[in-house]
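K.L.:
To start, I am sharing the structure in question, which I have written as structure tokens.
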Amino acid sequence: MSTKDLAGLSVEVDGEGYLSDHTVWNRDIALAIAAEEGIDPLTDRHFDVIDFMRKEFEEKGAAPSIRRLNKLNVVPTKELYQLFPGGPAKKAAKIAGLGKPQGCI
Amino acid sequence: MKKLLILGAGTAGTMMLNKMESALDTEVWDITIVDQYETHYYQPGFLFIPFGIYSKRDVIKPKRDFFPPGVNVVFSKIDLIEAEKNQVILHGGKILSYDVLIIATGSKINPAETEGMQEGGWHKNIFDFYTVEGASALQQFLKYWEGGKMVLNIVEMPIKCPVAPLEFVFLADWWFTEQGIRDKVELEFVTPLPGAFTKPKASQVFGDFLNKKNITLTHDFNTGSIDWENNKLVSWDESTIDYDLLVTIPTNMGDELIARSGLGDELNFIPTDKFTLQSEANENIFVLGDATNLPSSKAGSVAHFQADILEHNILSFIDDRPLKGKFDGHANCYIESGFGKGILIDFNYDTEPLPGKFPLPGVGPFSLLEETRMNHYGKMMFRWMYWNLLLKGAELPIESQMLMAGKRV
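Taken in order, these protein sequences are the chains called E and D.
To convert, note that position 87 of the first sequence is 1012 in our numbering; the numbers rise steadily by one, no gaps.
To convert, note that position 90 of the second sequence is 91 in our numbering; the numbers rise steadily by one, no gaps.
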């Protein structure tokens, strides 16, 4: 756990840069994390995904899977990979200020 | 009479049937199990079929052989679970009501989820080995294959028996060596995970094994489609991998019954309390084995450990007592590594696979996260244990809760 300056705010992040507390998130923080991840600019389409993920997280306590985003017509899987290249589940969660998605075995 | 209904007579359902039949007073409880198929498959044996070590004969027995006397057995498809009415509608319209329902309908591969998988190349140069049909077709193919590039890919997680794909490539390396064509075969292991396995220590150990056996590891590859006309795997972000022979682990999903009944998630797995095994939606529905959405392995050993906990919790539930049994995510897997050796891992929700001795601390005879001949014998002996002890719900000399004793941190 460490603190980090993002968009003029000092926020707590874990070892991999995920926000420790999703409630401190705002759109400027999203832009700052996205820039670090090489996604610049963050478009309305990105925010469709991010806003939906945050809403589901609030309601269900877990971020939706890529499969769920596709099934609920939030964003087709192919487009999601274009929006968040190189690992959309992790990157979108990070930019949305949520914890790292739990892998399972 | 009160009614206990079990859906699915695979590994989990059959074990649970045997346990509940001996635990419940059969003058009070009427027990019924439903399954659409009459044949029980020893699924861990499918791995050995492509290499001619087992044949189909070695992995099948009639389900009836494992049912205790005095229970009702129904062989039928199931149309719907009506949880709010505490009843299940069978194909043809017959209704079975229940006081307590156990769902053990498992998971299966769903190749249709990936574009191009089940088209022209299916069972020609694209095979699964998670069905007896796929494993047998692959055996026929391998018998006459003269070499080329064999790719194994995992489409997405979670999958049943997450170590089976590793075992497959380890055995393939051994088998091609035995056939004298290892130098004509290129082997590549393609996974959406960040490494050879999910947990850091095991991932590193298995990664080293792949390397030692000259098997290329390609990680973080998310298969989007298969270009079967040009023999290419295509990822969602459009990178490609060529193959001559593709051994694929398709998307694993729960039964369509779960989707029809509105009880599942996107993969038809049932949201289940990870400790008590009670379904999240209905307090008189319990779930075990591959049918759950638990963050534990989908494997027979896991179902076995769950069954001990679930028996306890169902007995508490019918006595109107709190559910005190807590499943810890315990899994125990023998991993064939080829050339008559094996590796063993033992882990749970919180503890990743660690090195050490098992089951007797410091003694063994099995070694954790190490390759030994004894581990291989453990794997081969397990088939006997499965048919003769495990399915019948007998006690095994392994605790359901994982033990730290014998493990090196």
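Glycine included, every Cβ here is placed at the ideal spot set by N, Cα and C.
M17(D) to K1003(E), Cα distance in whole Å?
P.N.:
Their Cα atoms are separated by approximately 42 Å.
K.L.:
Give me the subset of the stretch 976–993 of chain E whose CB atoms are less than 8 Å from a CB atom of chain D, sorted by chain position.
P.N.:
Those would be S990, R992, R993, in chain order.
K.L.:
Which residues bound the alpha helix (DSSP H) around I34(D)?
P.N.:
It is not in any alpha helix (DSSP H) - I34(D) instead sits in the beta strand (DSSP E) that spans 30–36.
K.L.:
How many Å lie between P201(D) and T15(D) at the Cα?
P.N.:
One C-alpha to the other measures close to 34 Å.
K.L.:
If you follow the alpha helix (DSSP H) that Y99(D) is in, where does it begin and where does it stop?
P.N.:
Element bounds for Y99(D): n/a, residue is neither H nor E.
K.L.:
At least one CB of chain D closer than 8 Å to the CB of G1012(E): is that the case?
P.N.:
By this cut-off, G1012(E) is an interface position.
K.L.:
Classify G379(D) as helix, strand or coil using the three-state DSSP reduction.
P.N.:
Reduced to three states, the DSSP call for G379(D) is helix.
K.L.:
The alpha helix (DSSP H) that contains M17(D), what's its start and end?
P.N.:
Counting along the chain, the alpha helix (DSSP H) containing M17(D) begins and ends at 12–24.
K.L.:
So with CB distances below 9 Å, who are the chain D contacts of K996(E)?
P.N.:
Near K996(E) (Cβ distances below 9 Å), the residues of chain D are E267.
K.L.:
Give me the Cα-Cα distance between I54(D) and A136(D), rounded to the nearest whole angstrom.
P.N.:
Cα-Cα distance, rounded: 12 Å.
K.L.:
Please work out which residues of its chain come closer than 8 Å, Cβ to Cβ, to D266(D), disregarding the five sequence neighbours upstream and downstream, and give them in chain order.
P.N.:
So the list reads P272, N294, once near-sequence residues are dropped.
K.L.:
Determine the burial state of L5(D): buried for a count of at least 16 other Cβ atoms within 10 Å of its Cβ, exposed for fewer.
P.N.:
That one is buried.
K.L.:
Any Cβ of chain E within less than 8 Å of the Cβ of D347(D)?
P.N.:
No, no contact with chain E.
K.L.:
Count the other C-beta atoms from every protein chain shown that fall within 10 angstroms of the C-beta of G301(D), then say buried if there are 16 or more, exposed otherwise.
P.N.:
Result: buried.
K.L.:
Checking 8 Å against the spacing of the C-beta atoms, do A10(D) and L289(D) come in under that value?
P.N.:
No, Cβ-Cβ distance for A10(D) and L289(D) is not below 8 Å.
K.L.:
Determine the chain D residues that contact K1019(E) at a beta-carbon separation under 8 Å, and present them in chain order.
P.N.:
Ordered by position in chain D, no residue passes the 8 Å Cβ test against K1019(E), which lies about 15 Å from the chain.
K.L.:
Of all the options Y43(D), Q119(D), Q140(D), V410(D), which has the alpha carbon lying nearest to the alpha carbon of K62(D)?
P.N.:
Of the listed residues, the one whose Cα sits closest to K62(D) is Y43(D).
K.L.:
Put E120(D) into one of helix, strand or coil per three-state DSSP.
P.N.:
In this structure, E120(D) counts as coil in the three-state DSSP scheme.
K.L.:
Which same chain residues, not among the five before or five after D100(D), have their C-beta less than 8 Å away from its C-beta?
P.N.:
The answer, listed in chain order, is K3, K4, L5, N87, N285, I319.
K.L.:
Tell me which residues of the stretch 294–306 of chain D have at least one Cβ-Cβ distance to chain E shorter than 7 Å, keeping chain order.
P.N.:
Listed by position, the residues of the stretch 294–306 of chain D near chain E (Cβ gap below 7 Å) are P296, S298.
K.L.:
What residues in the stretch 220–240 of chain D bring their beta carbon closer than 9 Å to a beta carbon of chain E?
P.N.:
Correct list: D221, N223, G225, S236, W237, D238, E239.
K.L.:
Can you tell me where the alpha helix (DSSP H) with S302(D) in it begins and where it stops?
P.N.:
Element bounds for S302(D): 301–319.
K.L.:
Do S108(D) and A292(D) have their C-beta atoms within less than 8 Å of each other?
P.N.:
Against a cut-off of 8 Å, the Cβ pair of A292(D) and S108(D) comes out as a contact.
K.L.:
Using a 10 Å radius around the Cβ and a threshold of 16 neighbouring Cβ atoms, would you call G394(D) buried or exposed?
P.N.:
G394(D) comes out buried.
K.L.:
Residues of chain D with CB closer than 8 Å to the CB of K929(E), please, in chain order.
P.N.:
Going along chain D, no residue has its Cβ under 8 Å from K929(E), so there is no contact; the nearest lies around 23 Å.
K.L.:
Rounded to whole angstroms, what is the Cα-Cα separation between P366(D) and T373(D)?
P.N.:
Approximately 10 Å between the Cα atoms of the pair.
K.L.:
Could you list which residues in chain D have their beta carbon closer than 8 Å to that of K1003(E), in chain order?
P.N.:
Under the 8 Å cutoff, chain D gives G225, W237.
K.L.:
Does the distance from the CB of T115(D) to the CB of V152(D) come in under 8 Å?
P.N.:
Against a cut-off of 8 Å, the Cβ pair of V152(D) and T115(D) comes out as no contact.
K.L.:
So, for C1029(E): in the same chain, excluding its five sequence neighbours on each side, which residues have a beta-carbon less than 7 Å away from its beta-carbon?
P.N.:
Its pLDDT being 47, under 50, C1029(E) is placed unreliably by the model, and nothing is read from it.
K.L.:
From the DSSP output, read off the bridge partner residues of L934(E).
P.N.:
DSSP, once it has assigned bridges, lists L931(E) as partnering L934(E).
K.L.:
Do you know whose CA, among G255(D), R261(D), S297(D), S262(D), lies nearest D274(D)'s CA?
P.N.:
Residue S297(D) is the option with its Cα nearest to D274(D).
K.L.:
Kindly indicate which three-state DSSP category G225(D) falls into: helix, strand or coil?
P.N.:
DSSP places G225(D) in strand when its eight states are reduced to three.
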